[in-house]
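Below is one structure; the comments refer to it alone.
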Amino acid sequence: MKVNGRIPNWRYPEASERELSRSMQEAVTELVVEMRDRLDRLKFDATAEEISQAEDDISESAIVFFSAVIAALASIGLTIYRFNSKQWLAIAIAAGGRNNESVMRLKEFGAGGYEDWYQEALRKWEDAAEASVRKLASDIVSDWTTKVRTANNIGKSRKQIDEIIEGRYAIYGSWSRNRASGIIGTFNSMLMMQRLKDAKVSHYFWFGMMDDRERESHIKLEGKRRPVNGDGIFPGEEYGCRCWAVPDFNNVEVS
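Residue numbers for the sequence shown follow my numbering, so the first one is 73 and each next one is one higher.
Encoded structure:
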């Protein structure tokens with residue numbers, strides 16, 4: 073890859089991920105409080121109907137607790153879009169795209185959401201993110217109910233059931249952090265790909281942080297030139313991937 077000057081790293085929207093993760097963990101904490109309370113109210117030898125009723129009650133509470141997370145998605149999406157646009161502009165200019173039509177337009181008008189694809193992309197991401205958040209809430213409730221029901225069926229003591237369930241609460245927090253990472257990474261990768269298409273470049277170069285968090289398979293792609301519309305993975309597409317694409321402005325489609 074030959075480029076005049078140093079190309080900066082495409083920074084990942086860590087702040088947005090922390091914001092979403094914090095919001096999701098707050099919802100999980102509220103849900104855990106509700107679960108503890110509901111478990112305390114269950115009889116030692118609770119019937120299947122009583123456990124099912126507890127599940128229904130907790131499911132209703134989960135919807136309320138996670139509604140704030142869902143309501144914040146649009147704002148988080150806008151923040152990611154603006155941050156991503158800033159990263160793209162810096163890299164595109166450094167990579168030789170200063171005179172590219174889409175780059176010049178972004179530089180002149182800024183990240184104002186004027187692109188014809190923006191609203192639709194945001195809506196699709198919000199829908200997918202909301203489904204992911206609801207799935208998390210559902211999985212937590214389902215896991216809690218399954219553990220309670222199983223322990224109850226095999227005659228575990230109340231103390232043993234409490235210990236089993238208490239051990240699940242930390243796991244729910246981990247689930248929420250992982251879910252937040254996937255949600256943010258997905259939109260960041262979507263926007264990255266869209267910018268390449270806007271610039272009408274046919275190829276890009278794969279780059280990553282080259283640290284212990286990076287997959288070995290991604291390290292092997294470092295600096296490799298890849299087609300924008302080719303088969304295979306794209307930077308940021310896989311869970312936890314912080315890699316990025318540097319456009320090859322030597323191959324731009326002419327309108």
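Heads up, the beta-carbon is just placed ideally off N, CA and C, and yes, glycines get one too.
This one's a predicted model, so the numbers in the text were calculated from it and none came from an experiment.
- Counting the other Cβ atoms within 10 Å of the Cβ of residue 319 gives 16 or more, which makes it buried.
- If only uninterrupted alpha helix (DSSP H) runs of at least 4 residues are considered, those enclosed by the stretch 198-281 are 230-271.
- By the Cβ neighbour-count rule, residue 186 is exposed, with fewer than 16 other Cβ atoms within 10 Å of its own.
- Using a C-beta cut-off of 8 angstroms, the stretch 144-155 makes no contact with the stretch 170-178, since fewer than three inter-stretch Cβ pairs fall below that distance.
- Taking a contact to require three or more Cβ pairs closer than 8 angstroms, the stretch 237-249 and the stretch 96-115 qualify as touching.
- Counted as a single uninterrupted DSSP element, the stretch harbouring residue 78 is not any beta strand (DSSP E), since DSSP gives it neither H nor E.
- Cβ neighbours of residue 133 within its own chain (closer than 6 angstroms, five residues either side excluded): 106.
- Shown here, residue 160 sits in a helix according to DSSP, grouped into three states.
- The criterion of a C-beta distance shorter than 8 angstroms is satisfied by residue 79 and residue 166.
- Shown here, residue 314 sits in coil according to DSSP, grouped into three states, outside any helix or strand.
- Rounded to whole angstroms, the separation of the alpha carbons of residue 217 and residue 169 is 55 angstroms.
- Taken through DSSP and simplified to helix, strand or coil, residue 110 comes out as helix.
- For residue 154, the secondary structure class from DSSP, reduced to helix, strand or coil, is helix.
- Residue state for residue 297 is assigned as strand, using DSSP reduced to three classes.
- For residue 177, the enclosing alpha helix (DSSP H) starts and ends at 173-181.
- For the pair residue 257 and residue 315, the CB atoms are not nearer than the 8 angstroms cut-off.
- By the CB criterion at 8 angstroms, residue 260 and residue 85 fall inside the cutoff.
- Residue burial annotation: residue 282 is exposed, with fewer than 16 other C-beta atoms found within 10 angstroms of its C-beta.
- The continuous stretches of alpha helix (DSSP H) do not include residue 187, and DSSP gives it neither H nor E.
- The beta-bridge partner set that DSSP reports for residue 319 consists of 276.
- Three or more Cβ pairs closer than 8 angstroms define a contact, and the stretch 196-207 meets that threshold against the stretch 132-148.
- Look at the beta carbons and you see the stretch 220-236 not touching the stretch 270-277: under three pairs across the two are nearer than 8 angstroms.
- Nearest to residue 214 by alpha-carbon distance, out of 148, 299, 128, 182, is 128.
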